[in-house]
Amino acid sequence: MINSEIQFTRSISQQQREEVARLVYRAFPAKHRNMWIYNKSEEEAVRFLQEGLDFGQAIYAVRDTEVLGVVGLNMGKEQKFFRFHMPAFRKIFGCFGALWRYAKYEAELLFHMPLPKQAVKIDPIVVSEKARGMGVGS
1 MINSEIQFTR SISQQQREEV ARLVYRAFPA KHRNMWIYNK SEEEAVRFLQ
51 EGLDFGQAIY AVRDTEVLGV VGLNMGKEQK FFRFHMPAFR KIFGCFGALW
101 RYAKYEAELL FHMPLPKQAV KIDPIVVSEK ARGMGVGS
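Each residue of the sequence shown is one higher than the one before, counting from 1 in this note's numbering.
If you want it as structure tokens, here you go:
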């Protein structure tokens, strides 16, 4: 018998990490392509997100083994779901591509307000198309 209940968890498998990266990209493709990482394809963006997301900083909605949604948690400078580092940029985009992307990313972070102690910011909430309207993001 297949369990069709949605479970919420903080840990996911390596395969599910790729699913999460794809869900995050598909929820905000223009944002990734034109503001954050300037990827040339979905596959390039998914590879980068797999390297750059901190998968321990999220809560996942999972049914059976399929990831239906993710809530990224930002709890300060070193504890956030979107936590891109130079090695991730370099691995996917090469030295020159990494240099300008990382510089732009770091410059944008200068304009972010620091979170108060004990605060948690949700960034992002993503729900797969097939799970929308089921209360996964509520």
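Positions of the beta carbon are idealized from the N, C-alpha and C atoms, including for glycine.
Could you tell me whether the Cβ of residue i comes closer than 8 Å to any Cβ of chain B?
i      : result
Arg-83 : In the structure shown, chain B does not exist; there is a single protein chain.
Reducing DSSP to helix, strand and coil, say where residue i ends up.
i       : result
Gln-7   : strand
Ile-12  : coil
Arg-63  : strand
Val-20  : helix
Val-136 : coil
Please identify the residue among the options whose C-alpha is closest to the C-alpha of residue i.
i       : options                 : result
Arg-22  : Ser-11, Glu-51, Met-35  : Glu-51
Ala-54  : Arg-83, Ile-12, Glu-5   : The question names Ala, but residue 54 in the sequence shown is Asp. Here the closest residue by C-alpha is Arg-83.
Val-139 : Pro-124, Ala-88, Glu-19 : Outside the shown range of the chain, which is 1 to 138, sits residue 139, and nothing can be said about it.
Rounded to whole angstroms, what is the Cα-Cα separation between residue i and residue j?
i       : j      : result
Phe-48  : Arg-33 : 12 Å
Thr-9   : Ser-41 : 30 Å
Glu-108 : Ile-37 : 12 Å
Leu-115 : Lys-77 : 8 Å
Val-62  : Ala-27 : 17 Å
Based on the DSSP secondary-structure assignment, which residues constitute the bridge partners of residue i?
i      : result
Asn-74 : Lys-80, Lys-121
Leu-53 : Phe-82
Ala-58 : Gly-72
Leaving out the 5 sequence neighbours to the left and right, which residues in its chain are closer than 6 Å to residue i when beta-carbon positions are compared?
i      : result
Asn-74 : Lys-80, Lys-121, Asp-123
Asn-3  : Residue placement at Asn-3 is flagged as unreliable, the pLDDT there being 49, under the threshold of 50; the coordinate-derived value follows with that caveat. Here the set comprises nothing.
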